[in-house]
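In the numbering used here, the protein residues as written are 332 to 502.
Just so it is clear, CB atoms sit at the ideal spot from N, CA and C, and this is done for glycine as well.
The structure appears below as structure tokens.
Here you go:
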């Protein structure tokens, strides 16, 4: 019996930690989407004020980011310095392919469209396109919040339940 006890405790702890890692991914997805929304909002405000130099926009976005987008934007900035700025969307796509984000394919398409929108020369077209992307992103955030609300507590409870089940089996 005493030999089984450490194994049962380890199995219980493992199942709880595994469920917590799943819930952390769900929460991080929402945080990443909200950060994209903040970046996008900052782009729109800066462009409306008249500051629509891509180099300036990326530099300002680097200052406000905290998640993996900080590294991504820093990579975009570094690549812009190394390469010709005339094809910004190609630089954006190249850097997107080098980074891994915790978002769905539809949300990744929205992120790709930000790079295309920032490569426009017309201020009005840029703002309209970014606003359209932001509305799609708002829907994705709403969906991610609903997903978080419904799944996080379920996964945490399932982790405890599964761990308890394993302990009962090994008794």
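- Residue 430: not part of any alpha helix (DSSP H); DSSP gives it neither H nor E.
- Under the three-state reduction of DSSP, residue 400 is assigned to helix.
- Close CB contacts of residue 368 within its chain, under the 8 Å cut and outside five residues either way in sequence, are with 465, 468, 469 and 472 (chain order).
- Contact between residue 350 and residue 489 holds, since their C-beta atoms are separated by about 6 Å, short of 8 Å.
- When the beta-carbon positions are compared, residue 413 and residue 389 stay at least 8 Å from each other.
- Around residue 362, the same chain offers 398 as residues with beta carbons nearer than 8 Å, after the five sequence neighbours per side are excluded.
- Taken through DSSP and simplified to helix, strand or coil, residue 478 comes out as helix.
- For residue 373, the enclosing alpha helix (DSSP H) begins and ends at 335-380.
- If you draw a straight line from the Cα of residue 453 to the Cα of residue 393, it is about 23 Å long.
- Rounded to the nearest angstrom, the Cβ distance from residue 484 to residue 446 is 36 Å, too far for a contact under 8 Å.
- The continuous alpha helix (DSSP H) containing residue 393 extends over residues 385-395.
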